[in-house]
Each structure stands twice: as structure tokens, then as C-alpha cells.
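Enquirer: Going line by line, the protein sequences match chains A and B.
Note that the numbering used here has the first sequence beginning at 429, numbered continuously upward.
Note that the numbering used here has the second sequence beginning at 6, numbered continuously upward.
Glycine included, every Cβ here is placed at the ideal spot set by N, Cα and C.
Bear in mind the structure is a predicted one, so any value in this text is a computation, not a measurement.
Before we start, here is the structure in question, set down as C-alpha cells.
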Amino acid sequence: GENVEQHPSTLSVQEGDSAVIKCTYSDSASNYFPWYKQELGKRPQLIIDIRSNVGEKKDQRIAVTLNKTAKHFSLHITETQPEDSAVYFCAPPLDNYGQNFVFGPGTRLSVLP
Amino acid sequence: EAQVTQNPRYLITVTGKKLTVTCSQNMNHEYMSWYRQDPGLGLRQIYYSMNVEVTDKGDVPEGYKVSRKEKRNFPLILESPSPNQTSLYFCASSRAPGAHQPQHFGDGTRLSIL
Chain A
429 GENVEQHPST LSVQEGDSAV IKCTYSDSAS NYFPWYKQEL GKRPQLIIDI RSNVGEKKDQ
489 RIAVTLNKTA KHFSLHITET QPEDSAVYFC APPLDNYGQN FVFGPGTRLS VLP
Chain B
6 EAQVTQNPRY LITVTGKKLT VTCSQNMNHE YMSWYRQDPG LGLRQIYYSM NVEVTDKGDV
66 PEGYKVSRKE KRNFPLILES PSPNQTSLYF CASSRAPGAH QPQHFGDGTR LSIL
């Protein structure tokens, strides 16, 4: 079955620094690559996604890069702020139909003031 | 307001007592799904539904049932709950399968099975 890994599992950065979280997957059928953010005690929410025909996508301080050959995609957060502190999950689907999702184990980001 | 609503938000119950967690969305979404979240294991998919009367197993379906009689509702049923089903449960919906749409999550239901 699909194996999804995230690195690192925890990450602490100083406010204003950049953070990078990497997601690796095993199933080459994936064509959609989302990242979700979950703040403490709250529901996961999509923050950015990318499709396989695009190598990079940016939305203000957040960007996602995709390397389909190497089977990984990464979340980049620049100029981090305390409100970026959360757990981040990648969730590539198992198939092209986007029905059966496998979430990564999560990365806990702490932004220190 | 577009939302996914789960009830109850919290429940403490005992082993073997049947329970149902309801999930309702008001966005006319075709796809709905249930996940459980446990420390260190992330979110694991229990069941999903592509449309009315169409349901399928996710990664951890054992001990759970679902139904999709109406487009807006997707209840999760635990016929005989056991302590290993103590977890945080999330319902999610998206516009359509195959369209690679983001999932919208409910606020979660924390179940404790004693």
C-alpha cells in the first residue's frame, strides 16, 4: 500500500525564519498533492495544493514544490510567524480518482517569538 | 455559511453500547469521508462515499459502519464499540471525487469508550 512519510517530525524555528517540510510517497499514481494545517484543538484545513502538471505553486508566504520523479513534495513557509505554529499534514491520494487518501504522520512546527 | 457539522462533539460511553456520530454538509458535496486521528498516527481514513448509496472502505474500516442515504448526511456507526476505538474522529467532504478538490473538515468528535 501507499507509504507516506514526512520529515522532519518536529521543527522549531525563530520567528521570521523559513521552514521546510518534506513529504515522500510511494504510489506513483498520485496527481494531486495537498498540504493541511491543523492548529491545536482544531480541524485540519487546506493551506495549499498542487497538481502534477505544475512544479511549484506559491501563495503569499507559503509555497509547495513537487518532484514527481523523486516522489516527494515540500511545503515552504517564509517569514514565519507565531500563528504558523501547528501540525502540518501532506495527503497524497492513493489513486488518480482522489477518493482514497493517505495522510502523512504530521510535522509539528513551533515558531518561537 | 458553508460547513461540515458533526454531532456530538464529545461522547463518553461504555463498551458494547451502539452509538452513531452524525455528519452533515451544506455544500452539496458528492464526496464524504470519515477519519480517525490518534497520536503519532496522523489521520487514517475509515470509510468514504462518492455519492448517495455508494460507500467504500478506507484503511481502517473494522468495527465501523456507514450509510449514505442522502447527499448531505454520512453517519458513522459503531455497532459494538470497544476501547481501541477511543479516538478523535473527523468527517470531511469535497465537491467531487476525481476532481482533486480540497476536503472540508468538521470540528471533530472526541469519543471515549470505557
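1. List the DSSP bridge partners of M37 of chain B.
2. For P462 of chain A, which three-state DSSP category applies?
3. Threshold first: 3 residues or longer. Then list the beta strand (DSSP E) segments lying entirely within the stretch 458 to 505 of chain A, N to C.
4. Counting only the same chain and skipping the five closest in sequence on each side, list residues whose C-beta sits under 6 Å from that of E35 of chain B.
5. Quick check on G534 of chain A - is its C-beta less than 9 Å from some C-beta in chain B?
6. For the stretch 442 to 454 of chain A against the stretch 488 to 504 of chain A, are there 3 or more C-beta pairs whose distance is under 8 Å?
7. Could you tell me whether any Cβ in chain B is nearer than 9 Å to the Cβ of N481 of chain A?
8. Which residue wins for smallest C-alpha separation from S99 of chain B, given the options B:W39, B:D43, B:S87, B:V71?
9. E433 of chain A lies in the beta strand (DSSP E); which residues open and close that run?
10. Check whether the stretch 102 to 119 of chain B touches the stretch 68 to 76 of chain B, taking contact to mean three or more Cβ pairs, one atom from each stretch, closer than 8 Å.
11. If the criterion is Cβ atoms closer than 9 Å, does the pair E507 of chain A and T493 of chain A meet it?
12. Would N431 of chain A count as contacting chain B if we go by Cβ distances under 9 Å?
13. Does the beta carbon of P436 of chain A come closer than 9 Å to any beta carbon on chain D?
14. Residues of the stretch 40 to 54 of chain B with a CB closer than 8 Å to any CB of chain A: list them in chain order, please.
15. Can you tell which of B:E67, B:P13, B:V19, B:K62 has its C-alpha closest to the C-alpha of C28 of chain B?
16. Give a yes or no on whether the C-beta atoms belonging to L537 of chain A and T438 of chain A are separated by under 9 Å.
17. Is F110 of chain B close to chain A? Criterion is C-beta to C-beta, closer than 9 Å.
Expert: Here's the rundown:
1. Bridge partners of M37 of chain B: B:S54, B:S98.
2. Three-state result, P462 of chain A: strand.
3. DSSP runs (the beta strand (DSSP E)) wholly in the stretch 458 to 505 of chain A: 460 to 466, 473 to 479, 484 to 487, 490 to 495, 500 to 505.
4. For E35 of chain B, where only same-chain residues beyond five positions count, the Cβ hits under 6 Å are N56, A101.
5. Under the Cβ distance rule, G534 of chain A counts among the residues neighbouring chain B, one pair being separated by less than 9 Å.
6. Judged by pairs of C-beta atoms under 8 Å, the stretch 442 to 454 of chain A touches the stretch 488 to 504 of chain A, as three or more such pairs exist.
7. No, no contact with chain B.
8. Distance from the Cα of S99 of chain B is smallest, within the candidate group B:W39, B:D43, B:S87, B:V71, for B:W39.
9. Note, E433 of chain A: beta strand (DSSP E), 432 to 435.
10. Because the criterion of three Cβ pairs below 8 Å is not met, the stretch 102 to 119 of chain B and the stretch 68 to 76 of chain B do not touch.
11. One thing to note: E507 of chain A has its Cβ no nearer than 9 Å to the Cβ of T493 of chain A.
12. Taking 9 Å as the CB threshold, N431 of chain A stays off the interface with chain B.
13. As a matter of chain content, chain D is missing from the structure shown, whose protein chains are A and B.
14. So the list reads Y40, G45, L46, G47, L48, R49, Q50, Y53, given in the order they occur along the chain.
15. The residue with the shortest Cα to Cα distance from C28 of chain B is B:P13.
16. Here L537 of chain A is near T438 of chain A, since their CB atoms are less than 9 Å apart.
17. Yes, F110 of chain B counts as interfacial toward chain A.
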